[in-house]
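Q:
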Amino acid sequence: MKEIRKYGVKRIGLFGSYAEGKQKRGSDIDLLVEFEKGEKTFDNYMGLKLFLEDLLKRKVDLVISEAVKPELRPYIMESILYAT
Numbered sequence: 006m007k008e009i010r011k012y013g014v015k016r017i018g019l020f021g022s023y024a025e026g027k028q029k030r031g032s033d034i035d036l037l038v039e040f041e042k043g044e045k046t047f048d049n050y051m052g053l054k055l056f057l058e059d060l061l062k063r064k065v066d067l068v069i070s071e072a073v074k075p076e077l078r079p080y081i082m083e084s085i086l087y088a089t
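Under my numbering, the residues of the sequence shown are numbered 6 to 89, in order.
1. I believe L14 touches D35 by the beta-carbon criterion, under 8 Å. Please report the beta-carbon distance rounded to the nearest angstrom.
2. Quick one, which of S70, Y80, K62, K27 has its alpha-carbon nearest V42's?
3. Can you tell me which of the three DSSP states E39 falls into?
4. DSSP has R16 in a bridge; who is on the other side?
5. Could you give the residue range of the beta strand (DSSP E) that holds D66?
6. Spatial neighbours of Y12 within its chain, please: CB distance less than 6 Å, with the 5 preceding and 5 following residues excluded, ordered by chain position.
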C-alpha cells in the first residue's frame, strides 16, 4: 500500500473476475480506486495504472469510484475486496 499512496490513493479494491475467483488466462484485473481530495489527476491516474500493470504483469482496468455508472455500482460493491 505504501507505494500506491504516492499516487494520492485513499482506497483501492479488487472486483470482477479476480475477486470472484473466476478469472481466465487472459483476464484483466479490475480495480476500483478512490483518490484523496485534490489528488485525482491525470498524472496520478496514469502513474498508478502503469505502476500496477508493471507490478502485476497484467492489464489493469482502473476505475475511478465516482465514475462508476449507478447501474453497475451494486455489482461492483457485491464483489469488491478492499486492500488494507
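Idealized CB from N, CA, C, for every residue including glycine.
A: Answer, in terms of the structure:
1. At residue 14 the sequence reads Val, which differs from the Leu that was named. With a Cβ gap of about 16 Å, V14 and D35 do not count as contacting.
2. It should be noted that the sequence gives Lys, not Val, for residue 42. Taking only the C-alpha atoms, the option nearest K42 is S70.
3. strand
4. E39
5. 65-69
6. N49, G52, L53
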